[in-house]
Amino acid sequence: MAARPPPPLPDEIVEEILVRVPPDDPARLVRAALACKRWRRLVSGPSFRRRFREVHPTPPVLGFLRSGVDADGGGGGTVRFIPAWSSRRPRADRRAGWRALDSRNGSVLLHSDPCRPWHDPAGAPALAVWDPVADELRELPALPDFPGVYAFKAAVLCAECCDHLNCRREPFVVVIVAARPAGSSAYLYTSEADAWSEPTSAPHSVLLFEGKRSAHAGNALYFVFTHIVLMTAEGGGLGCLTIKGSGLHLWLWEADPNGDMRWAQSRVIEHETLVPEGAFVVSFDVVGFADGGGMVYLGTKDGFYIADLKSRCLRKAEGVNGMDEIMPYISFYTPGTPLLSL
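For what it's worth, the UniProt record's numbering labels the leading residue of the sequence shown as 1, then goes sequentially.
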């Protein structure tokens with residue numbers, strides 16, 4: 001007489017196993033969801049997403065965004081999403097006529113205004129928020145009172161009401177800081193109202209370097225006015241990356257023993273410890289970072305490299321050249337969100 005099959009594991013045990021699947025390759029959870037209807041029901045539910053975020057508090061880098069010139073030579077820009085996982089491809093990997101300004105929590109802020117001179121009276125650039133995996137594009141209304149702007153910075157953020165279980169389906173905000181010869185202005189867009197606020201202005205003008213992203217720490221956005229890179233450090237604080245000599249210097253904004261806030265050097269990573277054996281990398285520049293994830297993007301004459309500050313490992317970002325702008329794409333994706341076509 002054949003032995004009875006063992007009883008199935010309780011849902012709670014199966015869920016505790018599946019939440020430990022590494023989040024950096026979403027196709028693994030997709031394959032788990034395809035194993036049977038019961039597993040698909042478990043990994044598609046909100047309780048699984050909540051538990052998944054508890055086990056993996058830092059969203060993974062799922063790929064990066066490359067902004068470059070159209071191949072047809074027409075002068076317009078194209079933004080392309082290059083996934084880090086190799087087993088599946090996104091529904092659409094590019095958007096012609098757009099460039100990436102910022103990316104957070106699975107949303108990419110795009111603009112369609114390529115290299116407009118500061119004195120051009122044409123007005124504000126077109127803006128949109130894109131989900132590159134589901135290929136959903138939401139164009140934003142025109143910015144009010146924008147003529148005369150010679151430079152601007154922008155950021156896309158989750159709205160205050162977002163529970164961070166499915167950020168791409170939750171309300172979001174867009175912040176613009178613009179510089180004019182006569183002063184500076186800040187604009188706020190909310191997806192719930194689908195409208196921009198009236199600009200808040202200051203009489204002093206600032207020099208904005210458009211190639212550097214802002215850092216989000218606490219309830220504040222920090223914009224760079226010099227050739228350094230501000231970043232969201234591990235734990236949500238404010239960090240700063242600089243290159244001095246042959247070293248990559250990491251600084252943290254923290255309180256000293258007297259309670260006064262100051263910049264404190266956290267560590268120095270020497271160039272030789274990052275470069276893999278056999279690679280020819282003489283010098284590099286910090287061109288981007290992943291919020292809170294300990295990943296930085298380095299530009300070299302040989303192309304772009306991704307450096308892990310924790311493991312001190314360096315790998316080359318394939319499919320990118322030195323003329324492109326790159327930006328990490330960070331998000332959680334689990335079955336039950338429009339991730340990939342199954």
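Cβ atoms here follow ideal geometry from the backbone N, Cα and C, with glycine treated the same way. All figures in this text were calculated on a predicted structure; none of them were measured in a lab.
Query                                                                                                                 : Result
Proximity of M295 and S103 at Cβ, strictly below 9 Å                                                                  : no
Segment contact flag, the region 54–68 with the region 32–42, C-beta cutoff 8 Å, min 3 pairs                          : no
Contact check, L137 vs A100, beta carbons under 9 Å                                                                   : no
Neighbourhood of T334 by C-beta distance below 8 Å, restricted to the same chain and skipping five residues each side : P26, L29, V43, S44, F48, R49 and F52
K37 (DSSP reduced to helix, strand or coil)                                                                           : helix
Classification of N219 by the beta-carbon crowding that lies within 10 angstroms, buried from 16 upward               : exposed
Beta-carbon proximity of V133 to F152, cut-off 9 Å                                                                    : no
Assigned secondary structure, E15 (DSSP; H/G/I helix, E/B strand, else coil)                                          : helix
Alpha helix (DSSP H) segment containing R50, residue limits                                                           : P46 to V55
Start-to-end residues for the beta strand (DSSP E) that takes in C161                                                 : Element bounds for C161: n/a, residue is neither H nor E.
Status (buried if at least 16 other CB within 10 Å, exposed otherwise) for V268                                       : exposed
Between the CA atoms of G148 and L188 - distance to the nearest angstrom                                              : 19 Å
Beta-carbon separation (whole angstroms), V129 vs V173, contact threshold 8 Å                                         : Between V173 and V129 the Cβ distance is about 10 Å, and since that is not below 8 Å, they are no contact.
Boundaries (first-last residue) of the beta strand (DSSP E) holding R213                                              : Run containing R213: none; DSSP gives neither H nor E here.
Supposed contact pair T200 and S214 - C-beta distance, whole angstroms, cut 8 Å                                       : So it is not a contact: roughly 16 Å between Cβ atoms.
Extent of the continuous beta strand (DSSP E) to which L109 belongs                                                   : S107 to H111
Span separating the alpha-carbon of P7 from that of V14                                                               : 13 Å
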